[in-house]
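> Take this structure first; my questions come after.
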Amino acid sequence: MQDSTCANVISFKGRATVDRAKPRNDLFVIELTIRDVDVARVLIDTRSSADINFKDTLEKIGIDQSEIVKYPSPLLGLLRETTMAYGTINLAVKAGTVTRVTEFLVVDRPASYNIIMGTPWLNTMRAIPSTYHLCLKFPTPNGVEEIWGNPRVSHVCYAAEQKRKRPDLKTTPRKAEKKNSNKDSRSQDSAELFWQSRNITALEEKREPTCEPVVTVCLDEAFPERCVEIGANLREPLKT
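In C-alpha cells, the structure reads:
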C-alpha cells in the first residue's frame, strides 16, 4: 500500500525548465482563475508579505467596488516605493483544481501585472515555486499539481515595467495607436485580461532583429580565433 504522504512529496528533480535553450533570469508569471475569470500576468513574488490586487484589474474582472472594504494603509516595498493600499477584498482564487478564498490588498495605481501573489497565498496553498524551472507545485488530495510560468509574458511585463518607469521614452504614432486600440478592446469585456497571452507571439516577433548577411573578420592574425561578424552590406570605411 502506497503511503499518501510520499505521494505528495514535492520535488523538481529531473524536471526540465520551460526553455532550457534560452536561460534567463525571468520573473515568475503565471495564470490563475479569479471569480471564474482567467487572469494572466499574475506575478509570483516570494518577497511580498501580502497578496496584492489592483483596482483596474478588479474593474476588468467585473467586481463591484462596493465589495472592497476601504481601509487605507501604507504598503512598503511595492515597486520600490511606498504606496497607500486602497482597502481589502476577499476573492476565490483557483489554481489547478484547488480553490482558496484569499484576502487581497487593493492598490489603485498602474502596474505591469494584473495581480501579485505573495507568501500568504503560497503558504495557504502549501505551494513551492521554482524560479529556475518557472514552475509552481502544490499538494492536493489527488497528488501534486503544477502550474508552469510563461517566459514570453514575463518578457513583455518586464519591457512594459521599464517603459512605465521611464515615461521619457518616445512612442511612435503607430505604436501609440496600437496601444490605445488594445486598451479600448480590453475595456469591452473582462475576459480580455488574456489579450497579452494571445498577442504575445506577435510582440516577441516584433522585437526580433532583422536578418542580413554577415562576414567574419579576424581582429588579430596572431590569434585567428579572435573574430567578429559584421554586416556584409557595410561600406568599406566602416568595415575597416
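Following the numbering used here from start to finish, the sequence shown increments by one per residue and tops out at 270.
Don't be surprised by glycine CBs; every beta carbon is placed ideally from N, CA and C.
Remember, predicted model here, so these are calculated numbers, not experimental data.
1) Would you tell me roughly how many angstroms separate the C-alpha atoms of PRO169 and THR129, rounded to the nearest one?
2) Give a yes or no on whether the minimum CB-CB distance between ARG65 and chain D is below 8 Å.
3) Return the CA-CA distance between VAL39 and VAL174, expressed in angstroms with no decimal places.
4) Give me the Cα-Cα distance between TRP178 and LEU164, rounded to the nearest whole angstrom.
5) For ASP94, does the count of other Cβ atoms within 10 angstroms reach 16, so buried, or fall short, so exposed?
6) Which runs of the alpha helix (DSSP H), 4 residues or longer, sit entirely within the segment 68-98?
7) Assuming ASN120 is part of the beta strand (DSSP E), what are its boundary residues?
8) Start and end of the alpha helix (DSSP H) containing LEU152?
9) Could you check if THR127 is buried or exposed, using at least 16 other CB atoms within 10 Å of its CB as the buried criterion?
10) Whose C-beta lies closer than 8 Å to the C-beta of MET155 among residues of the same chain, with five residues either side of it excluded?
11) According to DSSP, simplified to helix, strand and coil, what is SER160?
12) Sorted by chain position, which residues of the same chain lie with C-beta nearer than 6 Å to ASN83's C-beta, five sequence neighbours on each side aside?
13) Between which residues of its own chain and ALA80 is the CB-CB distance below 6 Å, once the five residues before and five after are set aside?
14) By how many angstroms is the C-alpha of THR112 removed from the C-alpha of ASN161?
15) Quick check on this structure: which residue in ALA190, THR118, ALA122, ASN153 has the alpha carbon closest to the alpha carbon of VAL67?
16) Along the chain, where does the beta strand (DSSP E) that runs through ARG130 open and close?
17) Taking 8 Å as the cut-off, decide whether the C-beta atoms of ASN72 and LEU88 are in contact.
18) Could you tell me which residues DSSP pairs with LYS193 in its beta bridges?
19) Can you give me the C-alpha to C-alpha distance between PRO102 and ASN120, rounded to a whole angstrom?
20) Is DSSP giving PRO102 helix, strand or coil here?
21) First and last residue of the beta strand (DSSP E) that includes PRO169?
22) Whole angstroms are fine: how far does the CA of ASP138 sit from the CA of ASN180?
Inspection of the coordinates gives the following:
1) As a working mapping, residue 169 is identified with position 139 in the sequence shown. As a working mapping, residue 129 is identified with position 99 in the sequence shown. Going by the C-alpha atoms only, they are around 12 Å apart.
2) Given the protein chain composition of this structure (a single chain), no chain D is represented.
3) The residue given as residue 39 occupies position 9 in the sequence shown. The residue given as residue 174 occupies position 144 in the sequence shown. If I take the Cα positions, the gap works out to 8 Å.
4) Residue numbering aside, residue 178 sits at position 148 when the sequence shown is read from its first letter. Residue numbering aside, residue 164 sits at position 134 when the sequence shown is read from its first letter. Distance between the alpha carbons of TRP178 and LEU164 is about 6 Å.
5) What you label residue 94 is simply residue 64 of the sequence shown in a count that begins at 1. That one is exposed.
6) Runs of the alpha helix (DSSP H) inside the segment 68-98: 85-91.
7) Numbered from its first residue, the sequence shown carries residue 120 at position 90. Looking at the DSSP string, the run of the beta strand (DSSP E) that includes ASN120 is 111-125.
8) Here residue 152 refers to the residue found at position 122 of the sequence shown. In the DSSP annotation of this structure, the continuous segment of the alpha helix (DSSP H) that includes LEU152 starts and ends at 149-155.
9) Residue 127 sits at position 97 when you count from the first residue of the sequence shown. Counting every other CB atom within 10 Å of its CB across the protein chains shown gives THR127 a total below 16, marking it as exposed.
10) Reading the sequence shown from its first residue, position 125 is the one you call residue 155. Counting only Cβ-Cβ distances below 8 Å, and skipping sequence neighbours, we find ALA125, VAL128, ARG130, PHE168.
11) To locate residue 160, count along the sequence shown from 1; it is residue 130. Judged by DSSP in its simplified three-state form, SER160 adopts strand.
12) The residue you call residue 83 lines up with position 53 of the sequence shown. Only residues of its own chain outside the window of five on either side were considered, and among them PHE134, VAL136, ILE145 have a CB closer than 6 Å to the CB of ASN83, listed in chain order.
13) If you number the sequence shown from 1, residue 80 lands on position 50. Hits under 6 Å: LEU135, GLY148.
14) For the purposes of this step, residue 161 is taken as residue 131 along the sequence shown, with counting starting at 1. For the purposes of this step, residue 112 is taken as residue 82 along the sequence shown, with counting starting at 1. In the sequence as displayed, the identity of residue 161 is Thr instead of Asn. Between THR161 and THR112, the C-alpha separation is close to 26 Å.
15) Numbered from 1 along the sequence shown, position 37 holds the residue referred to as residue 67. Nearest C-alpha to VAL67: ALA122.
16) Residue 130 sits at position 100 when you count from the first residue of the sequence shown. ARG130 -> beta strand (DSSP E) spans 128-137.
17) For this step, residue 72 is matched to residue 42 along the sequence shown. For this step, residue 88 is matched to residue 58 along the sequence shown. According to the sequence shown, residue 72 is Val rather than Asn. Result no, Cβ atoms of VAL72 and LEU88 do not sit closer than 8 Å.
18) To locate residue 193, count along the sequence shown from 1; it is residue 163. Per DSSP, LYS193 has no beta bridge partner at all.
19) The residue labelled residue 102 in the question sits at position 72 within the sequence shown. The residue labelled residue 120 in the question sits at position 90 within the sequence shown. Distance between the alpha carbons of PRO102 and ASN120 is about 16 Å.
20) Counting from one through the sequence shown, the residue named residue 102 turns up at place 72. Correct three-state label for PRO102: strand.
21) Stepping through the sequence shown from its first residue, residue 169 is reached at position 139. PRO169 -> beta strand (DSSP E) spans 165-170.
22) For the purposes of this step, residue 180 is identified with residue 150 of the sequence shown, where counting begins at 1. For the purposes of this step, residue 138 is identified with residue 108 of the sequence shown, where counting begins at 1. A direct Cα-to-Cα measurement between ASN180 and ASP138 gives close to 26 Å.
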